[in-house]
Amino acid sequence: MKPDKVLIFDTTLRDGEQAPGASMNKDEKLEIAYALERMGVDIIEAGFPISSPGDFESVRQVAKAIKNSTVCGLARAIRKDIDAAYDAVKVAKSGRIHVFLATSKIHLEHKFKKSQDEILAMAVDAVKYAKSKISNVEFSPEDASRSEKQFLYRVLEAVIKAGATTVNIPDTVGYKTPDEYGQLFSDIRNNVPNINKAVISTHCHDDLGMGVANSLAAIKSGARQVECTVNGIGERAGNAAMEEIVMALQTRSDFYGCDTNINTKEIYKISRLVSKMTGFLVPPNKAIVGANAFRHESGIHQDGVLKEKSTYEIMSPESVGVPVGNLFLGKHSGRHAFKVRLKALGVELKDAELDKAFEEFKKLADQKKQVFDEDLMAIVEDEVKVIKSTWELVDFTNVSGMNKAAKVEVTLKSKGKKVSKSSTGDGPVDACYKAIDKITGVKGELLDYAIQSVTEGQDALGEVTVKVKVDGKSVISRAASTDIVVASAKAYLNAINKVIATVSDRAPKS
Ligand code: KIV
Ligand code: ZN
92 MKPDKVLIFD TTLRDGEQAP GASMNKDEKL EIAYALERMG VDIIEAGFPI SSPGDFESVR
152 QVAKAIKNST VCGLARAIRK DIDAAYDAVK VAKSGRIHVF LATSKIHLEH KFKKSQDEIL
212 AMAVDAVKYA KSKISNVEFS PEDASRSEKQ FLYRVLEAVI KAGATTVNIP DTVGYKTPDE
272 YGQLFSDIRN NVPNINKAVI STHCHDDLGM GVANSLAAIK SGARQVECTV NGIGERAGNA
332 AMEEIVMALQ TRSDFYGCDT NINTKEIYKI SRLVSKMTGF LVPPNKAIVG ANAFRHESGI
392 HQDGVLKEKS TYEIMSPESV GVPVGNLFLG KHSGRHAFKV RLKALGVELK DAELDKAFEE
452 FKKLADQKKQ VFDEDLMAIV EDEVKVIKST WELVDFTNVS GMNKAAKVEV TLKSKGKKVS
512 KSSTGDGPVD ACYKAIDKIT GVKGELLDYA IQSVTEGQDA LGEVTVKVKV DGKSVISRAA
572 STDIVVASAK AYLNAINKVI ATVSDRAPKS
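Going by this note's numbering, 281 is the number at position 190 of the sequence shown; the sequence numbering is gapless.
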């Protein structure tokens, strides 16, 4: 039997961005939107247009740029929200307005102080109003999973009659168990007479760690749209993780009988991209995209995998685009082999970018015995994208010890001119950042700092992610090196370069 299609509704740019500290700028959101489109996401929820002029503009930009996915804007059940959502998505080839209004007793009594009849009338009015503007309308009864079922059925029937083409059933606070949430979908299908006129959607949060399990239970009970985010980022404990749902549907198609339009080989790349843009590191044990997800440590497992992969592997790393960690290149490899290997990893660079990446690869191959695919990906993602950098790290010396203040000398280059400054600090990283501030004239405040190794072994690349605040704006940046202080310096400098690129009077005078 042909598998049923489950539509993937990605809300990384809306619910995902609501995660504390995950805010992204317009360009970052656009880059993620392109990546989502490339991987085959059906609907991209690009933001909540009424919430700020910046969010409005981001949704509009995404709506303008994206051609193969539907672009959706969120709205409360209020006309001015719906107007803003419509104005933002109307340029899209395919646009959607997503209206939400809470239906649970707790929300009605404490948030709205309104009766069920009043809420029902508001929902119908909002959906009719949205429908007068656009044909593709989704309605979400917020906190649906804790709403009185009879009232929920009434609301769903009425909004479908008013024109909603998708009805979403959020487990807003991540409260339900898979059995209960799956049952709710069966009950809705049995008790809402016109339910066949709309797509039923699931939207789960992960407060009890059941977001993905609940989403899959809903799919098993008839949901045909799933709302999720890359890496599971989102409000509080996050949303259901897209990569986990997609791979569960694919790997267990025998059980679910469903598939998606996602090109799963793009999963790893987009996971890295979202991590880079938000500064949220992916834990090593994270399913599908964590660094350890395809590593076999115990001797028994290694032996089994060498004999027959399926002994301990239920899906292949290649199927989600995880570089397989094979040794392909060394210091004698040429530019052509380098380019071919990157292409095999799904990375195509412009000539200037390739030159820069190759230069970084050569430096790395000199320092590191074995250059793995993961290393190549780190070089490309973390170094090459800052090709337009104003300042470049040329040299760095460091004297530090346990009982004395660190002293560093940093040399940066801009427009062919080298500038060196020294500084002391509380450890070499702090001293280095102070020296960089002196040279660039930009004072950055370090808000967050994290380090992760890219591969295993003592000569592994250390990848540093920093969040830096300059003039009230925060920027996230990442860089990798075999020397963690150099990686720290480059990550910080990348952040400063990003600031300079957006504020022209920060650029050094030639
Ligand atoms: O969790 C939730 O209820 C939501 C709605 C706006 C769909 O994010
Ligand atoms: Zn949500």
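All residues carry an ideal CB built from backbone N, CA and C; glycine is no exception. Keep in mind it's a predicted model, so treat the numbers as computed, not measured.
Expected contact under 8 Å - CB spacing of residue i and residue j to nearest Å
{"i": "Pro422", "j": "Asp457", "result": "Reading off the sequence, residue 422 comes out as Lys, not Pro. So it is a contact: roughly 6 Å between Cβ atoms."}
{"i": "Val533", "j": "Ile591", "result": "7 Å"}
{"i": "Leu440", "j": "Ala448", "result": "6 Å"}
{"i": "Gly273", "j": "His296", "result": "Their Cβ separation, rounded to whole angstroms, is 16 Å, which puts Gly273 and His296 out of contact at 8 Å."}
{"i": "Ala541", "j": "Val499", "result": "Contact flag wrong, Cβ pair sits at about 21 Å."}
{"i": "Gln152", "j": "Lys117", "result": "6 Å"}
Among the options, nearest to residue i - alpha-carbon criterion
{"i": "Ser277", "options": "Val545, Asp550 and Ala308", "result": "Ala308"}
{"i": "Ser292", "options": "Glu451, Val561 and Asn259", "result": "Asn259"}
{"i": "Ser149", "options": "Val471, Ala110 and Gly164", "result": "Gly164"}
{"i": "Gly300", "options": "Gln316, Asp262, Val290 and Ala586", "result": "Asp262"}
{"i": "Ala378", "options": "Met333, Asn354, Ser114 and Lys560", "result": "Met333"}
{"i": "Ser366", "options": "Ala580, Ile567, Ile141 and Val97", "result": "Ile567"}
{"i": "Gly107", "options": "Phe371, Val462 and Arg343", "result": "Phe371"}
{"i": "Ala193", "options": "Ile169, Ser312 and Lys184", "result": "Ile169"}
{"i": "Ile210", "options": "Tyr583, Arg569 and Glu233", "result": "Glu233"}
{"i": "Met406", "options": "Phe463, Arg343 and Ala443", "result": "Arg343"}
{"i": "Thr103", "options": "Asp95, Tyr125, Lys96 and Val413", "result": "Tyr125"}
{"i": "Arg655", "options": "Ile286, Val415 and Pro269", "result": "No statement about residue 655 is possible, as the shown extent of the chain runs from 92 to 601 and does not include it."}
{"i": "Lys171", "options": "Lys155, Leu199, Ile197 and Lys224", "result": "Lys224"}
{"i": "Val520", "options": "Leu537, Asp298 and Ser142", "result": "Leu537"}
{"i": "His198", "options": "Asn376, Gly563, Ser238 and Leu584", "result": "Ser238"}
{"i": "Asp528", "options": "Gly518, Lys512, Asp539 and Asp517", "result": "Lys512"}
{"i": "Met130", "options": "Phe100, Phe147 and Lys117", "result": "Phe100"}
{"i": "Cys349", "options": "Tyr359, Ile336 and Val264", "result": "Ile336"}
{"i": "Ile358", "options": "Ile391, Gly112, Val321 and Ala328", "result": "Val321"}
{"i": "His427", "options": "Asp446, Val411 and Val415", "result": "Asp446"}
Separation of residue j from residue i, as counted between CA atoms
{"i": "Ser595", "j": "Phe139", "result": "A caution first: Ser595 carries a pLDDT of 48, below 50, which makes its placement in the model unreliable, though a value can still be read off. The straight-line gap from Cα to Cα measures roughly 30 Å."}
{"i": "Arg345", "j": "Arg363", "result": "For the sequence presented, residue 345 should be read as Asp rather than Arg. So the alpha carbons of these two residues sit roughly 30 Å apart."}
{"i": "Cys319", "j": "Thr161", "result": "15 Å"}
{"i": "Leu658", "j": "Ile361", "result": "Residue 658 lies beyond the range of the chain shown here (92 to 601); nothing can be said about it."}
{"i": "Met468", "j": "Val557", "result": "19 Å"}
{"i": "Val250", "j": "Gly437", "result": "44 Å"}
{"i": "Lys204", "j": "Lys93", "result": "48 Å"}
{"i": "Lys222", "j": "Lys158", "result": "22 Å"}
{"i": "Val373", "j": "Gly381", "result": "6 Å"}
{"i": "Ala110", "j": "Tyr524", "result": "28 Å"}
{"i": "Arg597", "j": "Tyr220", "result": "Low local confidence applies: a pLDDT of 48 at Arg597 is under 50, so the model's placement there is unreliable, and no value is given."}
{"i": "Ser424", "j": "Glu444", "result": "18 Å"}
{"i": "Leu552", "j": "Asp574", "result": "8 Å"}
{"i": "Asn352", "j": "Glu122", "result": "20 Å"}
{"i": "Ala166", "j": "Ala212", "result": "16 Å"}
{"i": "Ser143", "j": "Lys181", "result": "18 Å"}
{"i": "Tyr266", "j": "Val218", "result": "27 Å"}
{"i": "Leu98", "j": "Met338", "result": "14 Å"}
{"i": "Ala586", "j": "Glu450", "result": "21 Å"}
{"i": "Asp486", "j": "Ala571", "result": "16 Å"}
{"i": "Val477", "j": "Asp442", "result": "Note on Val477: pLDDT 49, under 50, position unreliable in the model; no value is reported."}
{"i": "Val431", "j": "Leu420", "result": "11 Å"}
{"i": "Leu584", "j": "Pro269", "result": "46 Å"}
{"i": "Ser579", "j": "Val413", "result": "25 Å"}
{"i": "Ser114", "j": "Asp539", "result": "14 Å"}
{"i": "Lys280", "j": "Ser236", "result": "Here the sequence assigns Arg to residue 280, which means Lys is not the residue at that position. Near 15 Å, if we compare the C-alpha coordinates of Ser236 and Arg280."}
{"i": "Phe147", "j": "Lys120", "result": "12 Å"}
{"i": "Asn305", "j": "Lys589", "result": "40 Å"}
{"i": "Pro408", "j": "His392", "result": "16 Å"}
{"i": "Ala582", "j": "Gly145", "result": "26 Å"}
N-terminal and C-terminal residue of the beta strand (DSSP E) that residue i is part of
{"i": "Gln543", "result": "Glu536 to Ser544"}
{"i": "Pro261", "result": "Thr257 to Asp262"}
{"i": "Gln316", "result": "Gln316 to Cys319"}
{"i": "Ile225", "result": "Element bounds for Ile225: n/a, residue is neither H nor E."}
{"i": "Ser236", "result": "Looking at the DSSP string, Ser236 is not in any beta strand (DSSP E), and its letter there is neither H nor E."}
{"i": "Phe191", "result": "Gly186 to Ala193"}
Residue i: first and last residue of the uninterrupted alpha helix (DSSP H) it sits in
{"i": "Gln241", "result": "Lys240 to Ala253"}
{"i": "His427", "result": "Arg426 to Ala435"}
{"i": "Gly492", "result": "Note, Gly492: premise wrong, no alpha helix (DSSP H); beta strand (DSSP E) at Glu483 to Gly492."}
{"i": "Ile173", "result": "Arg170 to Val180"}
{"i": "Pro232", "result": "Element bounds for Pro232: not the alpha helix (DSSP H) but the beta strand (DSSP E), Val228 to Glu233."}
{"i": "Gln274", "result": "Pro269 to Asn282"}
{"i": "Ala212", "result": "Gln207 to Lys222"}
{"i": "Thr531", "result": "Pro519 to Thr531"}
Cβ of residue i within 8 Å of any chain D Cβ
{"i": "Met406", "result": "Absent from the structure: chain D. Only one protein chain is present."}
Is there contact here, the segment 131-141 with the segment 379-397, by at least three beta-carbon pairs under 8 Å?
no
Would the segment 180-193 count as touching the segment 222-231 if we require 3 or more Cβ pairs under 8 Å?
yes
When the Cβ atoms of the segment 543-554 are set against those of the segment 514-533, are three or more pairs found closer than 8 Å?
Because the criterion of three Cβ pairs below 8 Å is not met, the segment 543-554 and the segment 514-533 do not touch.
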